[in-house]
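The block underneath contains the structure these notes are about, expressed in structure tokens.
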Amino acid sequence: MARVFVITGPSGVGKGTLIRKLREALPELELSVSATTRSPRTGEQHGVDYHFLDADEFARRVDAGDFVEHAEYSGRRYGTLREELDRRTDAGHPVVLEIEVQGARQVRTAMPEAVQIFIAPPSTDTLRERLTGRGTDDDEQVAARLRVAVDEIAAQNEFRHKVINADLDAAVRELVDIVRAETAAQAHP
Ligand code: ADP
Ligand code: 5GP
Numbered sequence: 002m003a004r005v006f007v008i009t010g011p012s013g014v015g016k017g018t019l020i021r022k023l024r025e026a027l028p029e030l031e032l033s034v035s036a037t038t039r040s041p042r043t044g045e046q047h048g049v050d051y052h053f054l055d056a057d058e059f060a061r062r063v064d065a066g067d068f069v070e071h072a073e074y075s076g077r078r079y080g081t082l083r084e085e086l087d088r089r090t091d092a093g094h095p096v097v098l099e100i101e102v103q104g105a106r107q108v109r110t111a112m113p114e115a116v117q118i119f120i121a122p123p124s125t126d127t128l129r130e131r132l133t134g135r136g137t138d139d140d141e142q143v144a145a146r147l148r149v150a151v152d153e154i155a156a157q158n159e160f161r162h163k164v165i166n167a168d169l170d171a172a173v174r175e176l177v178d179i180v181r182a183e184t185a186a187q188a189h190p
């Protein structure tokens, strides 16, 4: 059975970094490339980091039922395209979705068998430092992301697993253990 892993948590907590390391440890895991209406950051590539769509195209694809889940985040739209997920699960690959909390809730309803993992920061101050240190968002964007983070962190107990990303290597080990244990549990229920 193909497995789906949802990795959620506030922006800047380290989801992307952890997923990169997780996939180095477990190369069979594939990452679903999301669609977004936000502009590419320096170095981001269309079709690799995101499918960058304009607002009309995103809306058209919502109306066409092309998304498994979609949400508005910080004034932009983000979503998981059904074809991204199905292509990988149909081929038998386990898939990781890196999405924010509203989308994770939609996946919980649509695909209750998906394994949901919340990544939490050690503190709000650490989250602010990581968002600022990443250098991809201006002060206003950092402030907006931190405002959303308060509600996201308050929702952490909704999720089956929680990993606190303090020490990176320790968090990667925890994540690898969760994915291995869930994979074994699904193979031998
Ligand atoms: P997200 O994908 O959740 O928005 P990123 O993976 O982009 O977060 O990480 C945000 C910033 O925090 C990056 O600069 C990254 O290098 C840094 N970071 C991630 N995990 C840790 C950690 N455990 N300790 C210190 N810095 C980290
Ligand atoms: P960023 O702009 O930093 O790339 O992403 C902003 C937020 O949107 C992050 O919390 C990220 O996890 C989330 N996100 C990325 N792709 C998707 C998606 O396909 N669906 C949803 N719901 N959120 C996403």
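Our numbering applies: residue 2 is where the sequence shown begins, and numbers increase by one.
Where is the CB? At the ideal position from N, CA and C, for every residue including glycine.
It should be emphasised that the depicted structure is a prediction, and the values quoted were computed from it without experimental measurement.
{"Check": "Rounded Cβ spacing between residue 83 and residue 68 (contact assumed at less than 8 Å)", "Outcome": "7 Å"}
{"Check": "Inter-residue spacing [alpha-carbon to alpha-carbon] between residue 39 and residue 6", "Outcome": "24 Å"}
{"Check": "Separation of residue 8 from residue 150, as counted between CA atoms", "Outcome": "15 Å"}
{"Check": "For residue 98, the three-state DSSP class (helix, strand or coil)", "Outcome": "strand"}
{"Check": "Buried or exposed by the 16-neighbour rule on C-beta atoms within 10 Å, applied to residue 159", "Outcome": "exposed"}
{"Check": "Contact check, residue 174 vs residue 95, beta carbons under 7 Å", "Outcome": "no"}
{"Check": "Helix, strand or coil at residue 170 [DSSP, three-state]", "Outcome": "helix"}
{"Check": "Distance cut-off 6 Å: residue 7 Cβ against heavy atoms of the ligand ADP", "Outcome": "no"}
{"Check": "Residue burial classification, residue 71 (beta-carbon count within 10 angstroms, cutoff 16)", "Outcome": "buried"}
{"Check": "For residue 161, three-class secondary structure by DSSP", "Outcome": "coil"}
{"Check": "Residue 122, buried or exposed, once every other Cβ within 10 Å from all chains shown has been counted against 16", "Outcome": "buried"}
{"Check": "The ligand 5GP heavy atom lying under 6 Å from the CB of residue 35", "Outcome": "yes"}
{"Check": "Contact test: residue 163 Cβ vs the ligand ADP heavy atom, cutoff 6 Å", "Outcome": "no"}
{"Check": "Beta carbon of residue 179 nearer than 7 Å to that of residue 99", "Outcome": "no"}
{"Check": "Start-to-end residues for the beta strand (DSSP E) that takes in residue 156", "Outcome": "Looking at the DSSP string, residue 156 is not in any beta strand (DSSP E), and its letter there is neither H nor E."}
{"Check": "Around the ligand ADP, Cβ to any heavy atom closer than 5 Å, ordered along the chain", "Outcome": "12, 13, 14, 15, 16, 17, 18, 131, 135, 166 and 169"}
{"Check": "Close-in-space but distant-in-sequence residues of the same chain around residue 27 (CB under 7 Å, 5 per side omitted)", "Outcome": "177 and 180"}
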